[in-house]
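There are 2 protein chains.
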Amino acid sequence: MVSRSASRSVKEQIADELRAAVLDGSLAPGDRLPTEADLIERHQVARNTARDALAMLVNEGLIVARRPHGYFVRDRQRMDYRPQSDLSVHPADAPQDVFLTEQGLAGREPSQSIDVSIVEPPPEVAKRLKLNPGEFAVVRRRVRFLGGEPFYSNDSFFPLPVVQDTPIMAPHDISRGANRVLADHGHVQVKATDEIFVRMPTPDEVKRLDLAPGTPVAVHIITGYGPSGEPLRCVLNILPGDRHVIIYDRPGYPLDQDGAE
Amino acid sequence: MVSRSASRSVKEQIADELRAAVLDGSLAPGDRLPTEADLIERHQVARNTARDALAMLVNEGLIVARRPHGYFVRDRQRMDYRPQSDLSVHPADAPQDVFLTEQGLAGREPSQSIDVSIVEPPPEVAKRLKLNPGEFAVVRRRVRFLGGEPFYSNDSFFPLPVVQDTPIMAPHDISRGANRVLADHGHVQVKATDEIFVRMPTPDEVKRLDLAPGTPVAVHIITGYGPSGEPLRCVLNILPGDRHVIIYDRPGYPLDQDGAE
DNA sequence: CAGTGGTCTAGACCACACC
DNA sequence: GTGTGGTCTAGACCACTGG
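Chains as they are written, first to last, in our numbering: chain X, 1 to 261; chain Z, 1001 to 1261.
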């Protein structure tokens, strides 16, 4: 039973109790939690207090409300995401793109939506492509699905002059790989940087990727540069936190960092 | 003014209005938002409705409540975090560890707390170290600070037999680097994997790293292996999402992935 | 129809920092 | 003291899904 004089508030005590049950496994993924009415009864509190406690766990990403069925422990099945999985260009006869070829094994059917348009890119991208306000980029906006569920979004931005009159502007898969197309048109990439950071999703992203409340995203940005340092492309990936593990294999010895002292 | 019949609820409409002001810059980082009383007055709603709207933005990580001053737009200054910044062992005369040497440049004073103990590691770590329940590991738990603020936590776990009677068990900086110490004791690492995933923090992490509500974390796990594939160390880094950009520089051409099609 | 969570109201008392 | 957000209560009506 709750104590009204403890240093922790009543809603925190209720939340603590439920959180502990989730973390120690006595409430397993998929299990149903007590209903709001149960908590009101058990702890003798007002409904909002019980709701506040549950809302804390929802915002921690531990549980999800499925009206009108109740609150349930979330199930996280993370798939591997390997940013450097393919450091070489595709063989010219590769049947389809990296995502489509690699994910098939997981047993879930890969698919994707594509949408190509000319836009003024968001500031994050404009900065990396060194575009001034008013300058345009071609964007191939995609959502990759696995088994019908959105897996991540992948938006590739190209400066307009770079891709004018290339197949990149057509809303289809590019089996040879966009990098090869770029190279064929005289734009060879010689360097790229990966940046990854973490934040809560925008409402747009919540809708596009069907994110549950309490789900953060990783933003993965790849910027590719030509021989004279000019940016040629900028890829903006949004990875839902409950669906991905980003994996880098570190080749070679010796290694020392981070744990290094 | 809000509409009570729209498809979006009242709290969502209020949240939308405030969110738009934050995102388009008319409310800049550090600016104070309208008080709850302001919103009640302006939108003619109950206090909880106004609070619900503000709570949405708090959980999105956009604003923070500073009682009794009001709600303020959050300011995110992300520092670079380079997991592969040092792929070689330190020169034997390196004065201090990677973090301490690298971060000084940023103008903020680096420091850290260290705590060494013998524990049964958390399941995430035990799995990677291939430890059975009941088997122990030595952990060096650290929090790295920049300018007095917690920057990230760095917990290095070693199987007990590997580090018994080595300087790793002493609660001090190891200037030569833990990897060299391991190597000197016959445990040479030949391979490592990096895994990064994203989630909301546990209450413990919130306290240890002084995280604001709505701040997700990146979990960065490095596992190092010996010549016969035996795990020698597991480093568990918790990176607050509002403080880090993880950067990988991709050497060499050709590159093709993710944006590849 | 019954039970679930979602939204909203109208009040109360509290802790805290600043004046 | 005054004003801020934090907690809590006690109710109301609604939307959705399942039996």
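Beta carbons: idealized from backbone N, C-alpha and C, even for Gly.
**Report entry** Terminal residues of the beta strand (DSSP E) in which N1154 of chain Z lies
**Finding:** Here the beta strand (DSSP E) through N1154 of chain Z covers E1149 to P1159.
Query - N- and C-terminal bounds of the beta strand (DSSP E) containing Q1164 of chain Z - result: Unbroken run through Q1164 of chain Z: none, as it is neither H nor E.
Query raised in the report: Is it true that the CB of V1058 of chain Z sits closer than 8 Å to the CB of P1213 of chain Z?
Result: Yes; because the gap between Cβ atoms is below 8 Å, this pair is in contact.
Query - Q1189 of chain Z burial status per 10 Å Cβ neighbour count (16 or more: buried) - result: buried
Requested in this report: Using a Cβ cut-off of 8 Å (strictly closer), state whether V245 of chain X contacts chain Z.
Outcome: Interface residue, yes.
Query raised in the report: Going by C-alpha distance, which of Z:R1004, Z:R1208, Z:A1065 and Z:L1023 is nearest R1032 of chain Z?
Result: Z:A1065
Report task. Would you check whether the ligand GTP has a heavy atom nearer than 7 Å to the C-beta of E41 of chain X? Result -> Among the ligands in the structure shown, none appear at all, so the ligand GTP cannot be discussed.
**Report entry** Buried or exposed (CB count within 10 angstroms, at least 16 for buried), S1113 of chain Z
**Finding:** exposed
Query raised in the report: Which first and last residues belong to the alpha helix (DSSP H) in which K191 of chain X is found?
Result: Run containing K191 of chain X: none in the alpha helix (DSSP H); it sits in the beta strand (DSSP E), K191 to R199.
Query raised in the report: What residue from X:S153, X:P227, X:L129 and X:Y71 has the CA that sits closest to P201 of chain X's CA?
Result: X:S153
Query raised in the report: Residue range of the beta strand (DSSP E) that V1217 of chain Z falls in?
Result: V1217 to Y1225
**Report entry** F1145 of chain Z - partner residues in DSSP beta bridges
**Finding:** Its beta-bridge partners are Z:S1111 and Z:P1150.
Query - Selection of the segment 9-43 of chain X by Cβ proximity to chain Z, strictly under 7 Å - result: none
Query - Continuous alpha helix (DSSP H) stretch holding R76 of chain X: start and end - result: Premise fails: R76 of chain X is in no alpha helix (DSSP H) and is neither H nor E.
Query - Straight-line Cα distance separating S26 of chain X from A20 of chain X - result: A direct Cα-to-Cα measurement between A20 of chain X and S26 of chain X gives close to 8 Å.
Query raised in the report: Which residues in the same chain have their Cβ closer than 7 Å to the Cβ of G226 of chain X, if we skip the five residues on either side of it in sequence?
Result: For G226 of chain X, where only same-chain residues beyond five positions count, the Cβ hits under 7 Å are H187, V188, Q189, V190 and L232.
Query raised in the report: With distances taken between CB atoms, is the gap from M1056 of chain Z to A1015 of chain Z smaller than 8 Å?
Result: yes
Requested in this report: Kindly list the residues whose CB is nearer than 6 Å to the CB of R250 of chain X, restricted to its own chain and excluding five residues on each side of it in sequence; keep chain order.
Outcome: So no residue of the chain qualifies.
Report task. Compare the C-beta of Y1248 of chain Z with all C-beta atoms of chain X and state if any pair is closer than 8 Å. Result -> Yes, contact with chain X.
Requested in this report: Could you give the DSSP three-state label for L1209 of chain Z: helix, strand or coil?
Outcome: helix
Query raised in the report: Using Cβ-Cβ distances below 7 Å, what residues of the segment 48-70 of chain X are close to chain Z?
Result: Residues N59, E60 and G61.
Query raised in the report: Taking C-alpha atoms, which residue in Z:R1141, Z:V1143, Z:P1123 and Z:N1237 lies nearest to G1134 of chain Z?
Result: Z:P1123
Report task. Compile a chain-ordered list of the residues in the segment 1142-1171 of chain Z whose CB is closer than 7 Å to at least one CB of chain X. Result -> Of all residues in the segment 1142-1171 of chain Z, only N1154 and S1156 come within less than 7 Å of chain X when Cβ atoms are compared, listed by chain position.
Report task. Quick one: list the residues of chain Z neighbouring G214 of chain X, beta-carbon separation under 7 Å, in chain order. Result -> M1200
Query - As assigned by DSSP and simplified to three states, the class of V22 of chain X - result: Helix, per DSSP.
Requested in this report: For chain Z, find out if any of its Cβ atoms is closer than 8 Å to the Cβ of V217 of chain X; answer yes or no.
Outcome: Interface residue, yes.
Report task. Determine, using beta carbons only, whether E195 of chain X comes closer than 8 Å to chain Z. Result -> yes
**Report entry** Proximity winner among Z:R1142, Z:I1118 and Z:R1128, relative to S1111 of chain Z (alpha-carbon distances)
**Finding:** S1111 of chain Z has its Cα closest to that of Z:R1142, out of Z:R1142, Z:I1118 and Z:R1128.
Requested in this report: Keeping to the same chain, check which residues put their C-beta closer than 7 Å to that of P1240 of chain Z; ignore five residues upstream and five downstream.
Outcome: Cβ within range, chain order: Y1152, L1209, L1211, T1215 and V1217.
Query - CB contact check: G186 of chain X to chain Z, cutoff 8 Å - result: no
Requested in this report: Could you have a look at N1179 of chain Z and say whether DSSP puts it in helix, strand or coil?
Outcome: helix
Query - Beta-carbon proximity of P1171 of chain Z to V1116 of chain Z, cut-off 8 Å - result: yes
**Report entry** Under 9 Å by beta carbon: chain Z residues contacting R78 of chain X
**Finding:** F1197
**Report entry** Residues bridged to R1066 of chain Z [DSSP beta-bridge criterion]
**Finding:** Residue pairing from DSSP places R1066 of chain Z in a beta bridge opposite Z:G1070.
Query raised in the report: Opposite A1137 of chain Z in the DSSP bridges: which residues?
Result: Z:V1119 and Z:P1159
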